[in-house]
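Right, one structure below, let's go through it.
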Amino acid sequence: MGDLAAEFEAERGHLLAVAHRMLGTRSEAEDAVQETWLRYAKALADPTDRAQIRELRGWLTTTCSRICLDVLRSARVRREAYPGQWLPEPVVAEVPAVDGFAPDPAERAVRAEQLGTALLVVLERLTPEQRVAFVLHDVFAVPFVTIADVLGTTAVAARQLASRARRAVSAPDAPRHTADLAEQRRVLTAFAAAVESGDLDRLVQVLAPDVVMIGDGGGHIPAARRPVIGAVAAARLVLGLFGQATRRGGRLAVRPVLVDGALGWQAETVLRGQPVRMVTSFAVHDGRVTGVFNQVNPEKVAHLAGLGADAGWPPRW
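Per UniProt numbering, the very first residue in the sequence shown carries number 1; after that it's consecutive.
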């Protein structure tokens, strides 16, 4: 059993990445990985059975994907009853060193599996089967024969599911996010400066004409119940929220972070007399912000460490 546990732990990070991109929530992903371990330990406790598994990562990925598929099918009912707009739980990491902003192909490849909040939001449009097929094939390069086994279908049908998902992901109304970290930093620096200035026209210039802004309060924190679309509408909302946070000497503490592999920031402030912890992520394309995603649901950000005394506004890269 010790050898099984060691083998599994070596794959835990990969399985969490697969499960989180399929499910969109860290807690559900961790539950799926734990269930994968239980099935692994039960099915392969006999060394003879374990010896028949030639490629352990493939076996674990298939098992975990089947569990995620079941969760996705049951989650649709819960999502429909969710109060307001839904955003995934943010996976927050430290911003890389300055040289990490350089457009390096190897670095981009490492971060390719992190998708970004924009894509995770678009994945919510897909059926469970389409999402599993897309994530496994396009993100983790799993062959369609294996995906077909997960979905209980044929390789041809699995390929069609991934193709439909790909069309949905690239639909005209889906926020584009193509910028590397260096361009993201340039655009977000301009975004923060425009917000600081309070100049509506200046902020509109940083936003794409069809920018989308989504806030997830989970019924705990006030947030728009529908996406705010368009540069002018989004700019007015951003300046309004900034004004509320800084009115009468209010403190807005911000720390730049990576959110699902893209630049964003973690913030703490007070809105309408209520302390708010927030994670904001962005989509950036062609030198402008195409998506702003504000996660303010306390249940989804409670696990994050608090900001230090050096955090402030504007963000310091």
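All residues carry an ideal CB built from backbone N, CA and C; glycine is no exception.
Return the first residue and the last residue of the alpha helix (DSSP H) that Trp37 is part of.
Trp37: member of the alpha helix (DSSP H) spanning 26-43, first to last residue.
May I have the straight-line CA-CA distance separating Gln244 from Val212, to the nearest angstrom?
Taking the CA atoms as reference points, Gln244 sits about 21 Å from Val212.
Buried versus exposed call for Ala45 [16 or more other C-beta atoms within 10 Å across all chains shown]
Exposed, by the Cβ-count rule.
Spatial neighbours of Ala192 within its chain, please: CB distance less than 6 Å, with the 5 preceding and 5 following residues excluded, ordered by chain position.
If the five residues before and after Ala192 are omitted, its C-beta is found closer than 6 Å to the C-beta atoms of Pro314, Pro315, all from its own chain and listed in chain order.
DSSP on Asp210, reduced to helix/strand/coil?
In the structure shown, Asp210 adopts extended strand secondary structure according to DSSP, grouped into three states.
Span of the alpha helix (DSSP H) around residue 330
Given that the chain is displayed from residue 1 to residue 317, the structure contains no residue 330 and the question cannot be resolved.
Using alpha carbons as the reference points, say which of Leu119, Pro47, Asn294 lies closest to Leu23.
Looking at the Cα atoms, Leu119 is the closest of the given residues.
Select from Arg186, Asp286, Gln266 the residue whose C-alpha is nearest the C-alpha of Asn294.
Out of Arg186, Asp286, Gln266, Gln266 has the C-alpha closest to the C-alpha of Asn294.
Would you give the residue range spanned by the alpha helix (DSSP H) that Leu181 belongs to?
181-197 is the extent of the alpha helix (DSSP H) around Leu181.
Alpha carbon to alpha carbon, what distance is there between Leu16 and Glu7?
Going by the C-alpha atoms only, they are around 15 Å apart.
Helix, strand or coil: which one does DSSP assign to Arg288?
Assignment of Arg288 by DSSP, reduced to helix, strand and coil, places it in the strand class.
Decide yes or no for the touch test of the region 59-72 against the region 270-278: beta carbon pairs closer than 8 Å, at least 3 of them.
Between the region 59-72 and the region 270-278, the count of Cβ pairs shorter than 8 Å is below three; the stretches do not touch.
How would you call Ser27, buried or exposed, if buried means at least 16 neighbouring beta carbons within 10 angstroms?
So Ser27 ends up on the exposed side.
Burial state of Lys42, where buried means 16 or more other Cβ atoms lie within 10 Å:
Lys42 counts as exposed, since fewer than 16 other beta carbons sit within 10 angstroms of its beta carbon.
Identify whether Ser163 lies in helix, strand or coil by the three-state DSSP scheme.
Ser163 falls in the helix class under three-state DSSP.
Output the boundary residues of the beta strand (DSSP E) element that contains Gln130.
Per DSSP, Gln130 belongs to no beta strand (DSSP E); it is in the alpha helix (DSSP H), 128-134.
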